[in-house]
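Student: Take this structure, written in structure tokens, and hold onto it; I'll ask about it next.
In our numbering, the protein residues as written are 520 to 952.
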């Protein structure tokens, strides 16, 4: 009975169920999104927001070194967020209103900085409408390396969000989401950018458009109980160059996504799984404001879920396009990224990836996850292929939870940063109430 009470308390106070959790506190937002994807494969509704107040204190941090190694589902840890220190996380709900925040105080290189990692002030009415001022990870797309349009690898950015209730129509159940936000003032050029040296030179000459606006919308439709389709787009516009001049209209960039998800009960029965699903998508990020899916990137993936285990397999091709010409005017040199991490897939839209992911139980009632990725850039073959490995583990403790995520990447060809790199996050969280 005591053990049962402990389990109920842990589930009630933790931000996500331990069965699907990643490293505690730091990556709870990404873990909740991944759990929602698993719930869809199982044909279950996503878990509703917790109605009980909660508060946690944690110790830990994140770091990285060498060749750029993104932390899948890392919410910017290791790249946009580095250092070691203290974390505070709490949530309060009253009626349709909810307030939540995760605050980090991290020390690195004799400098301590405070960071609002995640936050949300939201209202959800009984009809299903939701409006929020929030900063948290997103999942616009079902890829194993993050949503193709908006994912959870990058550090979250502040935005205003709106979600509609599900609307029953004769040809499906429809719902929509939209957001409007703004990225940081001085965005670093992504380490995996094909023409990174040329972009850095253009940035030094003042051609980078800073603090751009980012807005987008996605329409989701469910057909019966087995099929869901999505169509979404995100646009980057506005901002100013180094001289304070406003961005020209021609600088606007638009990314688009079309996705189809299908549950496959016959495959689940054949593999003796609790659930099985396929996801197919096409995404594109042209070098102008065109709303198009070409030249695009195709993705196909499979998920299987058993009791305590889950398996994901995925292939994503690279878009059939040539490397962009050197910039000649003000433009968004960091593309769709924030703090050095891409906003969509963890390896960017210009890489072809083959991914295998396994979730498994560990000793002492722990949970683990292992991901292997083979990535290759079509825009810069000189960088060669790279192998990527990410491991995660988490355990419940009598006072909370402890866990870690470690990513390692090895490039087959020499790179400016070397052949090998890593990223790490580790934290222990203590429940206060």
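All C-beta atoms in this analysis are idealised placements derived from N, C-alpha and C, irrespective of residue type, glycine included.
Note that the coordinates shown come from a computational prediction; the quantities given were computed from them, not determined experimentally.
(1) Would you check if there are 3 or more beta carbon pairs closer than 8 Å linking the region 658-676 to the region 742-761?
(2) Whose CA, out of 576, 598 and 647, lies closest to the CA of residue 621?
(3) Would you kindly work out how many angstroms separate the C-alpha atoms of residue 661 and residue 846, rounded to a whole number?
(4) Give the secondary structure of residue 557 by DSSP, where H, G and I count as helix, E and B as strand, and everything else as coil.
(5) So what does DSSP say about residue 570, is it helix, strand or coil?
(6) Taking all protein chains shown into account, do 16 or more other C-beta atoms lie within 10 angstroms of the C-beta of residue 905, making it buried, or fewer, making it exposed?
(7) Might you give, ordered along the chain, the residues of its own chain that have their beta carbon closer than 6 Å to the beta carbon of residue 683, omitting 5 neighbours on each side?
(8) In chain order, what residues of the same chain lie with their CB nearer than 7 Å to the CB of residue 652, ignoring the 5 residues before and after it?
(9) Does DSSP put residue 708 in a helix, in a strand, or in coil?
(10) Applying the criterion that 16 or more other CB atoms from any shown protein chain within 10 Å of the CB defines a buried residue, is residue 851 buried or exposed?
(11) Kindly confirm or deny that the region 828-837 and the region 803-814 touch, where touching means at least three C-beta pairs closer than 8 Å.
(12) Going by the DSSP bridge assignment, what does residue 608 pair with across the sheet?
(13) Counting along the chain, where does the beta strand (DSSP E) carrying residue 643 start and finish?
(14) Tell me which same chain residues have a C-beta within less than 6 Å of the C-beta of residue 944, skipping the five on either side of it?
(15) Could you check what DSSP says for residue 762 in three-state terms: helix, strand or coil?
(16) Alpha carbon to alpha carbon, what distance is there between residue 886 and residue 822?
(17) With DSSP as the reference, label residue 784 as helix, strand or coil.
(18) Can you tell me whether residue 783 is buried or exposed, with buried defined as 16 or more other CB within 10 angstroms of its CB?
(19) Which residues share a DSSP beta bridge with residue 627?
(20) When the Cα of residue 601 is compared with those of 674, 907 and 657, which residue comes out closest?
(21) Tell me whether the beta-carbon of residue 712 lies closer than 9 Å to the beta-carbon of residue 718.
(22) Cβ atoms of residue 760 and residue 736: under 9 Å apart, would you say?
(23) Excluding the five sequence neighbours on either side, which residues of its own chain have a C-beta within less than 8 Å of the C-beta of residue 588, listed in chain order?
(24) Residue 860: buried (16+ other C-beta within 10 angstroms of its C-beta) or exposed?
(25) Determine which residues share a DSSP beta bridge with residue 700 and list them.
(26) For residue 633, is the classification buried or exposed, using 16 other Cβ atoms within 10 angstroms of its Cβ as the cut-off for buried?
(27) Near residue 995, which residues of its chain fall below 8 Å by C-beta distance, leaving aside the five closest residues on each side in sequence?
(28) Whole angstroms is fine: what's the gap from residue 681's alpha carbon to residue 938's?
(29) Tell me the start and end of each unbroken alpha helix (DSSP H) in the region 887-932 that is at least 4 residues and wholly inside, in chain order.
(30) DSSP puts residue 772 in a beta bridge; with which residues?
(31) Please state whether DSSP places residue 598 in a helix, a strand or coil.
(32) Please report the straight-line C-alpha distance between residue 623 and residue 636, rounded to a whole angstrom.
(33) Helix, strand or coil for residue 547 per DSSP?
(34) Among residues of its own chain, excluding the 5 on either side of residue 865, which ones have a beta-carbon nearer than 7 Å to its beta-carbon?
Tutor: Checking against the coordinates, here is how it stands:
(1) yes
(2) 576
(3) 32 Å
(4) helix
(5) Coil, per DSSP.
(6) buried
(7) Within the same chain, residue 683 has close Cβ partners 694 and 695.
(8) Here residue 652 has 640 and 679 as same chain residues with Cβ atoms under 7 Å from its own Cβ, once five neighbours each way along the sequence are excluded.
(9) coil
(10) buried
(11) no
(12) In the DSSP output, where bridge partners are listed per residue, residue 608 has 575 and 621.
(13) 630-643
(14) Closer than 6 Å at the Cβ level, and outside the excluded window around residue 944, lie 542, 545, 581, 596 and 924.
(15) Of the three classes helix, strand and coil, the one that applies to residue 762 here is coil, per DSSP.
(16) 18 Å
(17) helix
(18) It counts as buried.
(19) 630
(20) 674
(21) Yes; because the gap between Cβ atoms is below 9 Å, this pair is in contact.
(22) no
(23) If we look at residue 588 and ignore the five residues flanking it on each side, its Cβ neighbours are 597, 907, 926, 927, 928, 940, 941 and 942.
(24) buried
(25) 678 and 733
(26) exposed
(27) Residue 995 is absent from the structure shown; the chain starts at 520 and stops at 952.
(28) 43 Å
(29) Whole alpha helix (DSSP H) segments, 4+ residues: zero.
(30) Bridge partners of residue 772: 755.
(31) coil
(32) 7 Å
(33) helix
(34) 589, 591, 664, 665, 670 and 672
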